[in-house]
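Student: Take this structure, written in structure tokens, and hold onto it; I'll ask about it next.
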RNA sequence: CAGGCUGACCGGGCGAUCGCGGUCUUGCGCUUUUCGCGAGAUCGAGGAAAGUCCGCACUCCAAAGAGCACGGCGUCGGGGAAACCCCGGGGCGGAGCAAUCUGCCGGAGCAGGGCCACAGAAACAAACAGCCCCAUCCGCAAGGGUGAGGUGAUGGUGAAACGGUGGUGUAAGAGACCACCGGCAUCCGCAGCAAUGCGGGUGGCCAGGCAACCCCCGCCGGGAGCAAGGUCAAGCAGGGACGAAACCGUCCGAGGACGGGAGGAGGCUGCUCGCCCCCUUACGUGCACUCUCCCUCGGGAGAGAGCCAGUCCCGGGUAGGCCGCUAGAGAGGCGCGGAGACGCGCUUCCCAGAAAGAUGAUCGCCCAGGCAGACGCAGGGAUGGAGUCCUUCGGGAUGUAAACCUGCAUCCAGAUCUGCCGGACAGAAUGUGGCUUACAGGUCAGUCUGAAGA
RNA sequence: GGUCCCGUGGUGUAGUGGCUUAACAUGCGGCCCUGUCAAGGCCGAGACCGCGGGUUCGAAUCCCGUCGGGACCG
């Protein structure tokens, strides 16, 4: 995923985490907040509970890869934050994509909600 | 062949598609750098990148000072920039049949303190029982009581009791003395660079253990850390000078400079000394106004309501951008020296530099490995199977898979084939030397033990 | 990057060289009490002190290493 679609600043993370609305799934937690920017920006995060550095990096890669394919279907003008949970370290790519798709649908952020 | 031990090493490979970060070149947006979007080339995690247990480089703290405190280390020689590091020795132990592995290492003799439960007379300089002698009392005597003294052999405890055996000696005894042995210290000789070992002489039997208790001796350590530190833009906090006149002295260009005193903040990330640097000496015993009182007419006391404005200059920290930021005690190869750690020489190479933090995903083939299933092996063997070759198309040559025969094995193992599973521990964050810990599976060399065969 | 603390029955703590194969509370099991339950009384089980070495005659305690958990500072 290109860097311009990413959340990079610490203050952005704090803002989304504080004022965004959250949606939970056993594998991942989604925070969403409306923004005045045109595109969608995504930040990924993995806490210590997920595992060591290998597991944390792997879960973050997994979330970015899964989000990449879902990006065109996402409603623009919002900042998203994805927080990995411990079971995600054992999950595959397709599993992660389905989890994310479900979460985005619940948040009302998918352009074609009934397709998937 | 099986199981170990030691050392060294590998840590999946290839291809396709999608995707990420750096550098260089290049096209476009756009006008140069910058920035954004593309294209191409190239590079892109480890043996531990980990834990952060020791070092070092580097940066800042004024210079990086002294002492104390505190902490660490402590056999010998060598290596190394250094290290709670490495190599090779020594001494005392421990594990194993063995190869081999492994723990400890200044001082408890004269620096001193402390502790050694229980038991025991006594836990480090003491005397409970006992033994002996003398005095005295009782008794015919044997012997017993009391008191003064000698002794430390005997006892039993304990983890540990002040050398052992034999003799001389004595009232009884005792290293009090003698011989031998053990141990300690010291001297000499030999071997070794040394620690130390071996042999001989001398000494006095004094001298228990614990310094991973305090401590003593020797050596080492200033502190903080790349969020170090530098820099850029924008602000803000804050500060300074003049205003402004009041500690003392000196100087002159007359308002400042320098020096000293006093007080305070900070720094040497514990303390003290010493030193450095800064501030104050104007929120007060102040300034100036009004009123009242006193007076030696200089001033003093009390009360009231006020003043400390303004101007100019300097200018952070954090967050953000950039630098620091990767060419170095560097890596590979070859040769030489050395027992080894390691060193030297030549040569080739440039080998991640991210910043919510880049190496992955999917598929195919292979390589190790694991599990399950199938299959007896070798030789001979045809009115001659499939295939191949020749052909005049009639056939011929070659040819052992099978049945069958012989031998050997026997439901085990090995080899072969098929299917399925399947790749450990773990991710750079300034660099680097060690140590420690985690780790599927495999390779090579040396070596030990066991079994079988020759 | 740096610093510190804690691991002891199921749970929470004490014990910091020996008289302690470890104490207290709560929880657990059995019995008594009661018509029954609770409370109460009596009895009992439950730990080789996170793990591995070492020092010592002797270690939960001292030293070293290691594993896990937690806290703090920038």
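Numbering (my numbering), first residue to last: 70 to 185.
A virtual CB, placed ideally from N, CA and C, is assigned to each residue, including glycine.
Go ahead and label residue 95 buried or exposed: buried means 16 or more other beta carbons lie within 10 angstroms of its beta carbon, across all protein chains shown.
Tutor: The residue in question, residue 95, is exposed, as its Cβ has fewer than 16 Cβ neighbours within 10 Å.
Student: Given a cut-off of 8 Å, decide if residue 168 and residue 119 are closer than it, judged by their beta-carbon atoms.
Tutor: For the 8 Å CB-CB criterion, residue 119 and residue 168 do not form a contact.
Student: Exposed or buried, which one is residue 162 when buried takes at least 16 other CB atoms within 10 Å?
Tutor: exposed
Student: List the endpoints of the continuous beta strand (DSSP E) containing residue 98.
Tutor: 97-103
Student: Compare the C-alpha of residue 104 against each of 113, 81, 164 and name the closest.
Tutor: 81
Student: For residue 185, which residues from the same chain have a beta carbon less than 7 Å from its beta carbon, with the 5 sequence-adjacent residues on both sides left out?
Tutor: Confidence is the limiting factor: at residue 185 the pLDDT is only 36, short of 50, which leaves the residue's position unreliable and the question unanswerable from this model.
Student: Whose C-alpha, out of 164, 157, 133, 176, is nearest the C-alpha of residue 116?
Tutor: 157
Student: Can you list, in chain order, the residues of its chain with a C-beta nearer than 6 Å to that of residue 132? Leave out the 5 residues immediately preceding and following it.
Tutor: 113, 151
Student: Once you ignore the five residues that flank residue 177 on each side, which residues in its own chain have a CB closer than 8 Å to its CB?
Tutor: 144
Student: Which first and last residues belong to the beta strand (DSSP E) in which residue 157 is found?
Tutor: It is not in any beta strand (DSSP E) - residue 157 carries neither H nor E in the DSSP assignment.
Student: Mark residue 110 as exposed unless 16 or more other C-beta atoms lie within 10 angstroms of its C-beta, in which case mark it buried.
Tutor: buried
Student: Run through the DSSP bridge pairs and tell me what residue 137 is partnered with.
Tutor: DSSP, once it has assigned bridges, lists no residue as partnering residue 137.
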